[in-house]
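In what follows, a single structure is set out as structure tokens and then discussed.
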Amino acid sequence: MLTDSSVDLTRQASESLASITRSVASIESMNLQIATAAEEQSAVTDEINRSVTSVREISEQTSSASDETAKSSVELSRLGEHLQALVGRFKL
């Protein structure tokens, strides 16, 4: 009876170890999937950061160009008024 009991316990232990091995393999697979997803998210985050930086730089350039356009408009207005004054001096 002791031998039968030992064989039975050995079989149960073997089945338990096989189950644990399958569980560990499953966990390893999940860890790999998580690591892959984390790398992908990191790459996407880097791309978003580059895009945000690009948008900021373009916004700064646009703001600077708008300032220059406003200054040019004021100067053109002043020159237009001066030209009108000069033309107004001519009498036909």
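Mapping of the sequence shown onto the working numbering: residues 1 to 92, in sequence order. We put the CB at the ideal spot given by N, CA and C, even for glycine.
**Study point:** Simplified DSSP state of Met-1, which is helix, strand or coil
**Key:** Of the three classes helix, strand and coil, the one that applies to Met-1 here is coil, per DSSP.
Check your understanding: What separation, rounded to the nearest whole angstrom, lies between the Cα atoms of His-82 and Val-74?
Key -> Roughly 12 Å separates the two Cα atoms.
Check your understanding: Taking DSSP as the reference, what is the three-state secondary structure of Lys-71?
Key -> Under the three-state reduction of DSSP output, Lys-71 falls in the helix class.
Practice item. Ignore the nearest five residues each way along the sequence and tell me which others in Ala-38's own chain have a CB closer than 6 Å to its CB. Key: Cβ within range, chain order: n/a, list empty.
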